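Report on the following structure.
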Amino acid sequence: MRSFFEETSRKKTRQRTIVAGVFKKAYGTDTGAESLDEIVSLCKTAGANIVGRITQHIDRFSPTFLMGSGKVDELAGLIGKRKADLVVFDSILSPSQQVNLEKKLKIQVIDRPGLILDIFAIHAKTRESRLQVELAQLQYLLPRLVKGWTHLERQEGAIGTRGPGETQLETDRRMVRIRIRDLTRKLEDIEGERKVQRKGRSGLFNVCLVGYTNAGKSTIFNLLTGENVTAEDYLFATLDSTTRRLKLSGRNEILLSDTVGFIKKLPVSLVASFKSTLLEVSGADLLIHVVDLSDGNFPDRIATVNEVLKEIDCGDIPVLLIFNKIDKNHDPDLFRSLLGHYPRARFVSALSGEGLNKLKRDLKFCLEQSRVTVIAAVRPGDSRVIGFLNSSGHISDSISVDGTLHITVRLPQTALGKLEGAGVEFTILDGDHERKE
Ligand SMILES: Nc1nc2c(ncn2[C@@H]2O[C@H](COP(=O)(O)OP(=O)(O)OP(=O)(O)O)[C@@H](O)[C@H]2O)c(=O)[nH]1
Ligand SMILES: [Mg+2]
7 MRSFFEETSR KKTRQRTIVA GVFKKAYGTD TGAESLDEIV SLCKTAGANI VGRITQHIDR
67 FSPTFLMGSG KVDELAGLIG KRKADLVVFD SILSPSQQVN LEKKLKIQVI DRPGLILDIF
127 AIHAKTRESR LQVELAQLQY LLPRLVKGWT HLERQEGAIG TRGPGETQLE TDRRMVRIRI
187 RDLTRKLEDI EGERKVQRKG RSGLFNVCLV GYTNAGKSTI FNLLTGENVT AEDYLFATLD
247 STTRRLKLSG RNEILLSDTV GFIKKLPVSL VASFKSTLLE VSGADLLIHV VDLSDGNFPD
307 RIATVNEVLK EIDCGDIPVL LIFNKIDKNH DPDLFRSLLG HYPRARFVSA LSGEGLNKLK
367 RDLKFCLEQS RVTVIAAVRP GDSRVIGFLN SSGHISDSIS VDGTLHITVR LPQTALGKLE
427 GAGVEFTILD GDHERKE
């Protein structure tokens, strides 16, 4: 079966797009504007030309069109006036709502998950992210492969149809299911490889940058590690995770990972499909949650990121909260009030470098906090284990008792698993941790 992700030619003319927001009245009529701004940014990232906006605050969503039928008529009028050829809903539409809207409006309609998937399809560069996006798109498409779906001519390269779109319309559900199984298996293999890689790296303190898309994670990653991963002013610039060693000082070395950003109403299938990428997050000892302070809605963004972290079972990992882009919003009063809410927060600018040294010191502190002192019983000739203790810890004492070396060493808690794996017996000396292996 050919790859769904062979380059589709981008449309020569950008699609004339109307964004539509339908919000519950109960949340107040102020809600929605910010969400709609974000969908506009997403549309622009996908290459759309925004020609109109329409919103409705409603008591109950309509099962037929999501919005009320009167509003659909208004939307149809706007489409005619602005000569639009695409409507993007800032919601999750059911497959039937999507079909009903397309039949009524006679142009293509996509929802927020569909749009995000489309952007992911554009930005997916590595084999892993391509497979992940393809899987997510097929899972999204499967319930939509129903009779009546082919009521619109699909244009090659149009938003919402990149990736598997048009190909899938000719393919039956069985083929899609087979492909989903195939992709799942391939991704499981990649996940296995990643687990092996991570095991090989275990012993080092693992730190992962997380945060809302466009918060500046990759810029911070590049600045700290001297790397050059893509950092751009568009949503979802990063889809793959990158891990590098970061020397904080002397023997204080950690692993730092940059990974995919989060967003509101992230399609669940997408989160699940990105499991192997998100493994870096779930395997972290510490998360650096990067927040864009210049974004007026940052409290909302923080809540969204925390929700996603819970969703991927990472809600219990310690978090270092850092507010980035302070060069754009240097307001000491705001900093003070934020410290009232988040006492351990830090303020940085990845652009000017301000606060980055302090961040490194914080990381060193967290690393030290994570360390435990153990006495390990090692065979004198076991150079592999002795080498490991030397490289990942600080040895303070070593005595030989009955032909066994008893090495007192302070090392990251994460290294204990490796010692266990190597069959080394050890006793933890620090406070509550004391136990005999
Ligand atoms: N003014 C200012 N701009 C910044 C700062 N940090 C990052 N940026 C800009 O913000 C944009 C997004 O930065 P990225 O590092 O790509 O953000 P990201 O969080 O990795 O985004 P995704 O990978 O899309 O999730 C880029 O244009 C950066 O140059 C900062 O401290 N100040
Ligand atoms: Mg990035």
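The opening residue of the sequence shown carries number 7 in my numbering; numbering runs sequentially from there.
We treat Cβ as the ideally placed atom computed from N, Cα and C, and that holds for glycine.
Remember, predicted model here, so these are calculated numbers, not experimental data.
Identify whether Asn212 lies in helix, strand or coil by the three-state DSSP scheme.
strand
CB-CB under 7 Å to Ala428, same chain, minus the five flanking residues each way: which ones, in chain order?
Val391
Reduced DSSP category for His400 - H, G, I as helix; E, B as strand; rest coil:
strand
Just to confirm, does Asp301 get its C-beta within under 7 Å of one of the non-hydrogen atoms of ligand 1?
no
Which residue marks the beginning of the alpha helix (DSSP H) containing Phe432, and which one marks its end?
Where Phe432 is concerned, there is no enclosing alpha helix (DSSP H), although the beta strand (DSSP E) it sits in stretches over Glu431 to Ile434.
Quick one: residues with CB closer than 6 Å to any heavy atom of ligand 1, in chain order, please.
Gly217, Thr219, Asn220, Ala221, Gly222, Lys223, Ser224, Thr225, Ala237, Glu238, Asp239, Leu241, Phe242, Ala243, Thr244, Gly267, Asn330, Lys331, Asp333, Lys334, Ser355, Ala356 and Leu357
Could you check which residue in Leu92, Glu44 and Arg150 has the C-alpha nearest to that of Tyr240?
Glu44
Beta-carbon spacing of Glu360, Ile318 below 8 Å:
no
Any 3 or more C-beta pairs closer than 8 Å across the segment 242–257 and the segment 335–343
no
With DSSP run on the structure shown, which of helix, strand or coil describes Ala39?
helix
Considering just the uninterrupted stretch of the beta strand (DSSP E) at Gly27, what are its terminal residues?
Arg22 to Lys30
Identity of the residues DSSP links to Leu395 by a beta bridge:
None, per the DSSP bridge assignment.
Would you mind sorting Phe371 into buried or exposed? The rule is 16 or more other CB atoms within 10 Å of its CB.
exposed
In chain order, what residues of the same chain have a beta carbon less than 6 Å from the beta carbon of Leu276, not counting five sequence neighbours either side?
Ala142
Leu373: which of Phe29, Ile24, Phe432 and Leu262 sits nearest, CA to CA?
Leu262
Could you tell me which of Pro386, Gln138, Leu395 and Gln62 sits nearest to Gly209, measuring between CA atoms?
Leu395
Between Val216 and Thr265, which are expected to be in contact by the criterion C-beta below 8 Å, what is the C-beta distance as a whole number of angstroms?
7 Å
Could you spell out the range, first to last residue, of the beta strand (DSSP E) harbouring Asp79?
That residue, Asp79, is in no beta strand (DSSP E); its alpha helix (DSSP H) goes Ser75 to Arg88.
Check for me: the alpha helix (DSSP H) holding Ala127 runs from which residue to which?
Arg118 to His129
So Arg22 packs on Asp91, CB below 8 Å; how close in whole Å?
5 Å
Per-residue DSSP class, three states only, for Tyr33:
helix
Going along the chain, which unbroken runs of the beta strand (DSSP E) with 3 or more residues stay wholly within the segment 215–245?
none
Span of the beta strand (DSSP E) holding Phe329?
Val325 to Asn330
Can we count Asp322 as close to ligand 2, meaning its CB is less than 7 Å from some heavy atom?
no
Given a threshold of 16 other Cβ atoms within 10 Å of its Cβ, counted over all protein chains shown, does Glu6 qualify as buried or as exposed?
As shown, the chain starts at 7 and ends at 443. That puts residue 6 outside it, with no answer to give.
Same chain, Cβ closer than 7 Å to Ala237, neighbours up to 5 away in sequence not counted
Ser224, Thr225, Asn228 and Ala243
Leu151 (DSSP reduced to helix, strand or coil)
coil
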